[in-house]
Amino acid sequence: MSGWVQIVGIGPGDDALVTPQVQAALAEATDAVGYIPYVERVAQNPNLTLHPSDNRVEIDRSQHALEMASEGKRVVVVSSGDPGVFAMAAAVFEAVEHGKPEWRNLDIRVLPGITAMLAASAACGAPLGHDFCAINLSDNLKPWALIEKRLRLAAEADFAMAFYNPRSKSRPEGFEKALETLKAACGDNRPMIFARNVSRPDQTIKIVPLQETTPDMADMRTVVLLGSSQTRIIEREGAPMVYTPRSVAS
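Dropping the structure here:
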């Protein structure tokens, strides 16, 4: 088969953070599929047909991409950040596993990108400098009880944490419950970082003690980081620097 699928990450927002590898794939592709806001970030090209679609249709989108590739087209599946972090790479492989047998023989590649938690961490220092975990707070695809369990266990293990999809208009109560769980489980005032529109011109970074956080500090354009008990804040003129030491005293 001459067609291919490349699942690409276009970074958190700043065009300078799109890797040269992804730029080359976009330049060579005949078709691009993805969630509407992400496809809108793809540069106009007369040789590239855009196929934007709404949210929550990841499997349909993946099947469309695979079908076009089987017809000989060169297809990019676009995600923000990194396609393997709560994004389209897993959806494409799920479609392959349960789809047409010939899709398994397609040329399918995943091209990494800079995910929002790494851009947010870099914007304020190095809060993810030691062991950390990432948790998607959306309960669209998993029960809330599992999210709550993972929050408690991550706090017990003293991970720094990164939270995706913290608070949407359709489920604003989720982040409130997450904060209640974290405040009780951590029991201290480690820093929580709210990075909104990270890497974009209107980026905002807020560093708030955990016990003083409120649900309205986050929305779906915010990635939230929580330090571990070891995370440090260096005060200085201007914005402070936050980091988690690379070692833990025995």
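Residue numbers (full-length UniProt numbering): 1 to 250. For glycine and all other residues, C-beta sits at the position ideal for the given N, C-alpha and C. Because the structure is a prediction, the values reported are computed rather than measured.
Of the choices the options, whose alpha-carbon is the least far from that of residue i?
i, options, result
"F93", "D131, T115, R74 and R61", "R61"
"A119", "K100, D15 and Y35", "D15"
"K183", "S170, E148 and R167", "E148"
"T30", "R74, R232 and V198", "R74"
"D54", "S229, N136 and V78", "V78"
"F163", "S80, F194 and E28", "F194"
"K100", "M88, C133 and A69", "A69"
"C133", "S229, N47 and A155", "A155"
"W103", "P245, V5 and R236", "V5"
"E176", "N189, P215 and G187", "P215"
"M88", "R109, N47 and G72", "R109"
"A145", "I207, G174, S168 and S170", "G174"
Give me whichever residues DSSP pairs with residue i in a beta bridge.
i, result
"E135", "Reading off the sequence shown, one finds Ile at residue 135, where the question assumed Glu. In the DSSP output, where bridge partners are listed per residue, I135 has F163."
"R232", "Y243"
"A126", "Y243"
"W4", "R74 and D107"
"L50", "A32"
"S79", "G9"
Contact defined as beta carbons within less than 8 Å: I believe residue i pairs with residue j. What is the distance between those atoms, to the nearest angstrom?
i, j, result
"R200", "T222", "R200 to T222, Cβ: 12 Å. No contact."
"H130", "A91", "So it is not a contact: roughly 31 Å between Cβ atoms."
"L151", "T181", "5 Å"
Classify residue i as buried or exposed, calling it buried when 16 or more other Cβ atoms lie within 10 Å of its own Cβ.
i, result
"P37", "exposed"
"Q63", "buried"
"L128", "buried"
"N45", "exposed"
"E40", "exposed"
"G81", "buried"
"S138", "buried"
"V96", "buried"
"E58", "buried"
"P83", "buried"
Taking 9 Å as the cut-off, decide whether the C-beta atoms of residue i and residue j are in contact.
i, j, result
"I10", "V18", "yes"
"V42", "L26", "yes"
"I205", "A239", "yes"
"P172", "G227", "no"
"G3", "L106", "yes"
"C124", "L210", "no"
"N136", "F86", "yes"
"I220", "P166", "Contrary to the premise, residue 220 reads as Met rather than Ile in this sequence. Against a cut-off of 9 Å, the Cβ pair of P166 and M220 comes out as a contact."
"T231", "V248", "no"
"A32", "V76", "yes"
"C186", "S121", "no"
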